[in-house]
Each structure stands twice: as structure tokens, then as C-alpha cells.
Amino acid sequence: QRHSSSHPGERDSDRIADIMPAKAFTKNDKIHKGNKVNSDKKGNQLGPFELLWHEKAQMYLGIAMLAVLLPFVGTVVASGVFWDALDRGFMGRPNDGILMQLVGWIIKKTHDFNKGFVKHEADSYMVNNVIMLGVFLPLFFAYCFYSTVTHGFSLFLCYIYHVIRIGPYFMNFAYVYTLCHKEGHSRVGLFKGSGNSAINSVYNWWIGLFYGVLPSSFAYGHSINHHKYNNGPDDVVSTSDKARDSPWNFFSYLPRWVGYAINVTTTLQFYSEGNTRIATKMVTGSMWWLGFFGLTYSIHPLFAISYILYPLAENIVLLACIQWCWHAFLDPNDPENEYVGSITIFDGPINVLNEDYHVVHHQYPGAHWTKNPQLYDKHFQKGEYEQHVATVFRNTHAFEMFFLIILAEYDQMAEKFIDLTGKLSHEQKKDLIKQRLRTCWWGPRANLNIKLQRKEVGNFDLGRSFVESK
0 QRHSSSHPGE RDSDRIADIM PAKAFTKNDK IHKGNKVNSD KKGNQLGPFE
50 LLWHEKAQMY LGIAMLAVLL PFVGTVVASG VFWDALDRGF MGRPNDGILM
100 QLVGWIIKKT HDFNKGFVKH EADSYMVNNV IMLGVFLPLF FAYCFYSTVT
150 HGFSLFLCYI YHVIRIGPYF MNFAYVYTLC HKEGHSRVGL FKGSGNSAIN
200 SVYNWWIGLF YGVLPSSFAY GHSINHHKYN NGPDDVVSTS DKARDSPWNF
250 FSYLPRWVGY AINVTTTLQF YSEGNTRIAT KMVTGSMWWL GFFGLTYSIH
300 PLFAISYILY PLAENIVLLA CIQWCWHAFL DPNDPENEYV GSITIFDGPI
350 NVLNEDYHVV HHQYPGAHWT KNPQLYDKHF QKGEYEQHVA TVFRNTHAFE
400 MFFLIILAEY DQMAEKFIDL TGKLSHEQKK DLIKQRLRTC WWGPRANLNI
450 KLQRKEVGNF DLGRSFVESK
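FYI, our numbering numbers position 37 of the sequence shown as 36, with every residue one higher than the one before it.
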């Protein structure tokens with residue numbers, strides 16, 4: 000189901016021209032004191048594509064990881080994309096096919112009944128989703144386990160399982176991770192009534208097990224660390240110490256994402272900050288996943304690797320690409336500028352639950368997804384997006400943008416870039432994009448003349464970082 004972010008009868012991009020006069024941005028006067036190095040051992044600022052020895056080691060490790068993982072992940076994802084293309088007769092946009100129309104029809108027909116189980120009426124589809132991915136998918140998993148133990152491992156059965164698991168155009172994968180994300184940010188749960196306590200964490204602690212999600216990575220690691228530091232020096236998945244328009248820099252980044260995906264770096268970060276309560280919750284989530292994997296491995300090692308460990312590899316490859324895209328751009332004069340540091344996408348073909356409003360999400364991470372268009376309009380009408388020449392693209396999606404970024408396809412990005420000021424030529428757009436992709440916030444390539452304000456810590460209003468009450 001595609002959720003439009005436009006007003007009725009209006010495409011997202013049609014509203015871009017209606018811009019109010021810019022309003023000044025208020026800065027916090029607290030000076031940032033990052034603990035990361037800003038130069039090499041000789042005190043020299045490095046160029047955008049120069050790597051220190053340990054970064055080169057990370058790059059080679061990332062290449063080795065992709066060499067092992069990419070053939071498997073690529074085959075499954077490509078099969079899901081082909082499934083969607085076949086479903087729509089190789090015409091139209093993703094998710095326009097017969098199967099996805101059937102899913103939309105079922106959602107509409109069950110809406111009146113299902114809305115009684117959720118806190119927001121627009122989330123009625125989740126009931127069907129939980130039944131499909133929380134009941135039928137585990138039953139299919141159990142069948143595969145029985146078949147493997149009884150008749151031996153079947154590569155074909157494993158392949159079919161994973162293609163069905165991620166769905167056409169990997170929509171099952173996209174919705175599971177988006178709902179793990181939303182569930183992690185929710186302080187009150189997504190379901191209402193007596194069922195809320197029973198399935199309040201169903202995506203992170205149950206369904207996510209079949210998709211490579213380590214419980215607590217979203218609820219605590221992502222929500223508390225990433226949304227507190229917003230891609231800054233203390234964010235364990237920060238992309239802002241390397242130029243993003245380089246595949247080699249992405250390869251070097253990949254081990255950092257692995258540390259986050261397996262809950263190691265976030266746990267250590269919480270311990271280092273003295274937040275032992277949350278660090279303990281991170282360990283608990285890790286042990287839950289390890290118990291699931293370990294028990295299965297003790298019965299059939301190959302099955303555990305192929306059916307439980309592989310989705311974690313999928314997580315590592317695909318979500319690292321998404322993170323690299325969402326936070327690929329930085330304002331060279333103000334790396335903490337969130338209108339530049341997070342991207343916004345209009346008319347995207349796979350805008351799952353309005354995730355394409357990524358600036359809004361970082362301003363208001365606790366807001367319900369249906370409010371993202373209004374929250375965007377709130378700041379749009381104040382002229383803040385225009386004032387900062389916000390990083391806004393149209394008619395694309397995160398994975399396409401990822402490849403355009405690492406392959407330095409500035410022309411194509413400039414064509415998709417929406418200039419809210421209406422003053423930039425195509426060449427100026429290219430220069431702006433290149434400059435933003437190569438700006439570094441911290442580390443050996445950072446601009447040493449920039450005085451950081453630490454305004455990245457925390458967010459507006461309802462979007463304050465999730466902090467568990469003691």
C-alpha cells in the first residue's frame with residue numbers, strides 16, 4: 000500500500016512553488032566538544048578520498064564481507080524485484096501489480112474490523128500484517144525446518160522461503176523494518192486494549208527474528224543513540240566522517256554498520272556514557288536473538304545459518320545502504336543543519352509509511368507517520384526548507400539514491416534535486432550536491448574552522464529523543 004503525502008488531487012512536487020519568506024534559524028549557543036580526531040598524526044586535514052591505515056583495513060574488510068554476502072542478498076532481492084515487475088506486466092511503477100492491488104483490497108475490506116485493535120485508525124493494516132508475518136511466515140519457517148531435518152537441506156526451498164519472506168519489490172522486508180522502526184519510537188505502543196501489552200513489541204521481538212533484527216536495536220540503539228546525536232560524532236552509525244560519493248568510503252563504513260546491527264557498538268556506547276540500564280536492555284535483546292539462533296544451530300547448523308543468520312546479512316547490506324543515503328549530505332558551513340543533513344523525497348515509488356520525510360522524522364521521531372506531511376508543511380510554510388536550500392529530491396527512492404551517490408552521478412542527482420529557491424542552474428546544483436557529499440562533520444577530513452553548536456542533540460517538541468524514565 001503506497002501512502003501519498005500530498006493533499007487530495009495534488010502531487011507532492013506541486014506544492015514546492017508555494018514558499019513563504021525565510022525565517023531565521025535559532026542556534027543553540029552551547030559549543031560542541033566532540034572527542035573525535037580532526038587530522039592525521041601530523042595535524043594535516045585529509046582529502047575526501049584519503050584513508051588512514053585503519054580505515055583502509057576497514058575498507059578491505061567491507062569488501063570481503065560484500066564479496067561473501069552480496070551474491071546471496073543480491074539474488075534474493077533481484078528475485079523480489081522481478082516478482083513485482085512480473086506482477087505488473089513490466090509496466091507502471093513498483094507495487095502497481097495485481098497482487099499488491101489485492102493486498103490493498105483486503106486492507107480496505109478488513110479496515111472497519113481491524114481498526115478496533117490499533118490506536119491509530121490508519122494502522123488497521125497492521126493486523127493483517129501481523130497475521131501474515133507473525134503467524135504464517137513462522138509456520139512456513141517451521142515447515143522448512145521440518146523438511147530440512149527430515150529430508151536434508153534444499154537450496155531451492157531456502158531460496159523460495161527468502162523470496163516470499165521479503166516479498167515483491169522487497170515490500171515485506173520494507174514494512175517489517177519500518178514497523179520495527181515505528182514500534183521502537185513509540186512510547187505508548189501501536190495496539191490498543193488488552194492486546195497492546197501482549198504484542199506491543201511483536202515486530203522487534205518476534206517478527207524481526209525472521210528478518211535479521213536483533214531486539215532492542217531499534218527501540219534503544221537507534222532511538223536513543225542515533226536520534227540523540229543525529230549523525231554527529233557520538234552517533235555509532237554516523238556517516239559524516241567520510242565523503243559519501245565514493246564506493247571505497249562506503250566499504251570502509253560497512254564494518255561500522257555491522258557493529259551497530261549486532262548491538263555491540265551501541266551497547267559499549269551506552270556503558271561508556273554510564274547508561275547501564277539501557278546497555279543491559281541491549282544485551283537482553285542480543286541474548287534473545289542468540290538463543291533463537293543457538294537453539295536452532297544445535298539441531299541443524301546449516302539451517303540456522305541459511306534461515307536465521309542470512310537475514311542478518313540482508314540487514315547489514317540493505318540497511319547500511321539506506322543509512323548512507325538518508326545522511327549523505329552535509330552543509331559545509333553548518334554540518335549540524337538538519338534540513339541538509341537528512342533528505343526528503345517527493346513522489347517516491349516506495350514511500351513506506353512516509354519514511355521519505357526524513358527531516359521530519361529527525362525533528363519529530365515520536366510522531367505518527369500520518370502526521371509527517373503536516374509537520375513538513377509546518378516548517379515548509381515558515382520558509383525553513385527554502386532558507387537552508389534543503390536536500391530534497393523527487394521521483395526516486397533510497398536505493399536508487401544510494402547508487403547515484405556512491406557512483407558520483409551528479410548529473411542525475413541534479414535532475415532529481417528540487418531547488419526550493421528557484422535560483423540554481425543545473426551546474427550549480429551539481430556543485431552544491433558534490434560539496435555536500437564531500438563535507439565532513441568530524442574526523443580527519445572535517446573542516447577545522449567550523450565552530451559546532453551541538454544543536455544536533457535532541458529535537459523539536461514531540462520529537463525529543465526517547466529517554467526511558469528511571
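We put the beta carbon where it would ideally sit given N, CA and C, even for glycine.
Where does residue i sit, in a helix, a strand or coil, going by DSSP?
i    : result
D28  : In this predicted model, D28 has a pLDDT of only 28, less than 50, meaning its place in the structure is not dependable; the value taken from the coordinates is given anyway. In this structure, D28 counts as coil in the three-state DSSP scheme.
V391 : strand
V117 : strand
Y356 : strand
F402 : helix
T275 : helix
T149 : helix
V212 : coil
L132 : helix
D122 : helix
D165 : Per the sequence presented here, residue 165 reads as Ile, with Asp not at that position. I165: helix per DSSP, three-state reduction.
M542 : Summary: the structure shown does not reach residue 542, with the chain confined to residues 0 through 469, and so no result is reported for it.
T438 : coil
S38  : Because S38 sits at a pLDDT of 42, beneath the cut-off of 50, its placement in the model cannot be relied upon, and the following sentence gives the value as read from the coordinates. Of the three classes helix, strand and coil, the one that applies to S38 here is coil, per DSSP.
N199 : coil
F48  : coil
Y363 : coil
Buried or exposed: residue i, going by 16 or more other Cβ atoms within 10 Å of its Cβ?
i    : result
M170 : buried
R437 : buried
D86  : buried
E120 : exposed
A366 : buried
A63  : exposed
Which residues does DSSP list as the beta-bridge partners of residue i?
i    : result
T295 : None; T295 has no bridge partner.
D333 : D330
F507 : Lying outside 0 to 469, the shown extent of the chain, residue 507 is not represented and no answer is given.
F190 : V117
Taking the alpha helix (DSSP H) that residue i falls in, what are its first and last residues?
i    : result
I321 : Y309 to W325
T74  : W52 to D86
P372 : N371 to Q380
W247 : P246 to A260
N350 : No alpha helix (DSSP H) holds N350; DSSP gives it neither H nor E.
E385 : E383 to Q386
A303 : P300 to A303
At what residues does the beta strand (DSSP E) containing residue i begin and finish?
i    : result
T177 : T177 -> not in any beta strand (DSSP E); alpha helix (DSSP H) instead, spanning M170 to H184.
I344 : T343 to F345
contact_flag[the segment 335-353, the segment 379-399] where n(CB pairs < 8 Å) is 3 or more: The segment 335-353 vs the segment 379-399: in contact.
Report yes or no: do the segment 326-341 and the segment 414-423 share at least 3 C-beta pairs separated by less than 8 Å? The segment 326-341 vs the segment 414-423: no contact.
Cβ contact check for the segment 249-267 and the segment 226-238: 3 or more pairs under 8 Å: Touching, per the Cβ criterion.
Is it the case that the segment 157-169 contacts the segment 84-99, given that we only count it when at least three CB pairs across the two stretches are under 8 Å? Output reads yes: the segment 157-169 touches the segment 84-99.
Three or more C-beta pairs under 8 Å: does that hold for the segment 149-160 against the segment 184-193? These segments do not touch.
Determine contact between the segment 136-156 and the segment 65-82, defined as no fewer than three beta-carbon pairs at a distance below 8 Å. These segments do not touch.
Can you confirm whether the segment 126-137 touches the segment 291-304 when touching is taken to mean that 3 or more C-beta pairs between the two stretches lie within less than 8 Å? Touching, no, given that fewer than three Cβ pairs across the two stretches are closer than 8 Å.
Count Cβ pairs between the segment 58-65 and the segment 242-252 that sit closer than 8 Å; are there 3 or more? Contact holds: three or more Cβ-Cβ distances are below 8 Å.
contact_flag[the segment 361-378, the segment 420-427] where n(CB pairs < 8 Å) is 3 or more: Between the segment 361-378 and the segment 420-427 there are fewer than three C-beta pairs closer than 8 Å, too few to call the two in contact.
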